[in-house]
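Each residue of the sequence shown is one higher than the one before, starting from 53 at the first, in our numbering.
By construction, the Cβ of each residue, glycine as well, lies at the ideal position given by its N, Cα and C atoms.
None of the values given here were measured: they were computed from a predicted structure.
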Amino acid sequence: MYEIEFTSRANREFKKLTPAVQERLEDAIDCLEDNPRQTGVKKLNRVLYRIRAGDWRIIFAILDKQQRVVIVKVARRSKDTYADLNKLF
């Protein structure tokens with residue numbers, strides 16, 4: 053089982069969301085604890101992955117040796133959602 057952790061940026065983004073959106077994203081995040089490479093997870097680059105939750109995207113890194121998933125960005129899908137991925141982690 054993987055431990056979920058947020059970067060400070062992702063935590064700020066998450067806390068700004070409405071409770072309904074937070075609940076929807078929490079469901080997707082909870083699934084990452086058991087299997088962070090489940091169906092629907094897409095690899096974005098060497099380190100980062102994303103999972104969809106409706107119009108929202110959760111971008112995260114998987115640290116297998118430490119059994120951790122680090123959420124680095126939470127955003128509504130837009131043309132800027134995937135900009136500057138290399139600066140995130």
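Annotation: the continuous alpha helix (DSSP H) that includes L77 extends over P71 to D86.
Taking C-alpha positions only, T91 is separated from Y101 by approximately 12 Å. The DSSP assignment places complete beta strand (DSSP E) segments of no fewer than 3 residues inside the region 98-122 at 100-105 and 108-115, in order along the chain. Going by DSSP, R61 is part of the alpha helix (DSSP H) stretching over S60 to K67.
Ranked by Cα distance from E55, the options D116, R129 and L140 are led by D116.
In this structure T133 touches R109 by the C-beta definition: roughly 5 Å separates them, less than 8 Å.
K131 carries a coil assignment under DSSP once its states are collapsed to helix, strand and coil.
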